[in-house]
Structure formats: C-alpha cells, structure tokens
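Residue numbers (the working numbering): 24 to 243.
Even glycine gets a Cβ: it sits at the ideal position worked out from N, Cα and C.
Let me begin by presenting the structure, written as structure tokens, before commenting on it.
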Amino acid sequence: MTYQHCVADDRPAELPLGKVVCIGRNYADHAKELNNPIPAEPLLFIKPATSVVAMAEPFVLPRGLGEVHFETEMALLIGQQLRQASEADAAKAIAGVGLALDLTLRDMQSKLKSQGQPWEKAKAFDGACPLSVFLPPEQVGDLQQLQLRLTVNGELRQDGNTSMMLNKVLPLLSYISQFFTLEPGDVVLTGTPAGVGPVQTGDTLRVELDRFLRIETSAC
Ligand code: ZN
C-alpha cells in the first residue's frame with residue numbers, strides 16, 4: 024500500500040511525504056546501552072521517503088542481513104518550511120505529533136561504524152521507518168513530558184520520557200534546519216530511549232505515545 028501521512032481519525036493529511044531527519048543518541052541512557060559516547064553536537068542522519076511505511080500495517084523485516092532492532096521514537100510532522108529557523112519558527116511549523124519505529128540493521132551498523140563508513144544501509148533501507156498517524160500538537164500538549172512505551176509480545180521493552188531528551192524538540196528543529204531545509208511533509212524523529220533490542224518475524228509490537236496514541240503492529 025502506498026504510504027500517505029494521516030492525521031487523527033485516519034484522515035489523509037494535505038502534506039506530501041518527504042524525507043525523514045533523525046537524531047542518534049538523543050537519550051543518555053540509550054547512548055550508554057550501546058557503549059556510545061554522548062555526542063558534543065547532535066548526530067543527524069536521514070531516512071529517505073522510500074523507507075517510510077504505515078505503522079498500522081505489518082512491517083516486513085529484511086532477511087539475511089543480521090539483527091534488526093526496534094527504536095521507539097516520537098515523530099514530528101513538519102507543516103511549514105524551516106530553513107535556518109529560530110526556535111519560535113520551529114514551534115509554529117510542527118503540524119503533527121506521532122510515533123515512529125527507527126528500524127536499524129544493528130549488526131550491519133556496527134560493522135559499518137567499525138570501518139568508519141556511513142550507516143546509510145543500516146538505517147535507510149526500504150521499510151526502515153514505520154510511522155503512525157499524527158495528532159495535532161495542541162492535542163498532545165507539552166512535547167517534553169510524554170511517556171514513550173514499547174511492548175513486544177506483551178513484554179515491556181522501552182519505557183522512557185521525552186523530558187530525558189538531550190536535545191529538546193525546538194532547539195533540535197532549529198539545529199537541523201541549519202543544515203537541511205525542512206519542507207512541509209518532512210518528518211523528524213527525535214531519538215530513542217533505552218531498551219532497544221532485536222525484533223523477529225511474528226513479533227507483535229505495541230507502541231504508545233503516553234495516553235494519546237497506541238498502535239499495534241507486527242513484524243513479518
Ligand atoms: Zn533512532
């Protein structure tokens with residue numbers, strides 16, 4: 024099925040699908056669990072539009088490429104162009120708040136990192152970015168006070184709060200826009216809390232953004 028951004032009630036949003044800009048190691052506890060230092064500056068990478076699928080549909084895991092890890096993240100849908108934007112402009116440009124799985128070929132990423140190569144193949148493959156519906160930001164309230172939860176087959180695996188982000192949403196959007204113009208329909212992933220781990224074919228995942236969103240999906 025062709026992906027289209029959806030706002031609450033599953034109505035299609037009037038925004039085209041663009042790129043997805045992501046930040047690595049934006050929660051100290053997650054950086055620590057992978058034995059990574061906390062970066063002095065935000066560590067950015069991009070997933071292309073071709074990596075996006077609807078989270079509500081079962082997602083297909085790549086085969087024969089090693090472990091695929093889930094990373095549960097708050098996703099922001101951009102509604103207005105941001106180029107070298109201030110935090111005030113960034114605040115006005117958030118059109119929706121949702122959930123993402125930043126699926127990662129972890130074995131491949133570790134190998135690429137050890138060879139000093141870019142992570143692209145490990146993060147930007149087809150299907151690497153399941154996205155939920157988006158809620159209007161006013162419905163969600165304070166973006167830095169949201170609990171992110173993931174259960175796999177009923178077992179709680181990730182349970183973190185957006186208050187623990189090292190780079191908060193508005194400075195992050197402003198920072199990103201110094202390098203990459205964010206266009207209407209682009210999405211920003213804000214990093215994952217601790218608890219990441221492998222996902223296997225047949226797993227059922229329940230992904231929650233506080234009391235606002237609860238998506239059930241599965242890996243196939
Ligand atoms: Zn991530």
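Check	Outcome
Distance check for Arg172 and Met97, CA to CA, integer angstroms please.	10 Å
Would you kindly report the start and end of the unbroken alpha helix (DSSP H) that includes Asp130?	129 to 137
Evaluate the contact criterion for the stretch 67 to 77 versus the stretch 172 to 185: three or more CB pairs, one atom per stretch, below 8 Å.	no
Report yes if the CB atom of Leu20 is closer than 8 Å to the CB atom of Val75, and no otherwise.	The chain is shown from 24 up to 243; residue 20 falls before or after that span and cannot be answered.
On a CA-only basis, which of Lys136, Val230, Val163 is nearest Gln181? Give me that one, please.	Val230
Restricting to Cα atoms, I'd like to know which of Arg237, Cys29, Gly214 is closest to Leu126.	Gly214
List in chain order: all unbroken beta strand (DSSP E) runs of 3+ residues lying wholly within the stretch 49 to 129.	66 to 70, 75 to 77, 91 to 93, 95 to 101, 117 to 124
So who's on the other strand from Val44, going by DSSP bridges?	Ile69, Val211
If I'm right that Gly220 touches Phe82 with Cβ under 8 Å, what's the distance once you round it to whole angstroms?	Their Cβ separation, rounded to whole angstroms, is 16 Å, which puts Gly220 and Phe82 out of contact at 8 Å.
So who's on the other strand from Ile238, going by DSSP bridges?	Val230
Short of 6 Å in beta carbon distance, which residues of its chain neighbour Leu205, apart from the five on each side in sequence? Order them along the chain.	Ile101, Leu105
Per DSSP, what kind of secondary structure is Phe202 in: helix, strand or coil?	helix
At a cut-off of 7 Å, would you count Glu96 as near the ligand ZN, judging by its Cβ distance to the nearest heavy atom?	yes
Just the C-alpha distance for Pro160 and Pro207, rounded to the nearest angstrom, thanks.	15 Å
Using only the heavy atoms of the ligand ZN, determine whether one of them is closer than 7 Å to the beta carbon of Leu212.	yes
When you measure from the CB of Asp125 to every non-hydrogen atom of the ligand ZN, does any distance come out below 7 Å?	yes
Around the C-beta of Ser197, are 16 or more other C-beta atoms found within 10 angstroms, so that it is buried, or is it exposed?	buried
Cα-Cα, which of Asn49, Leu122, Leu128 is closest to Asp149?	Leu128
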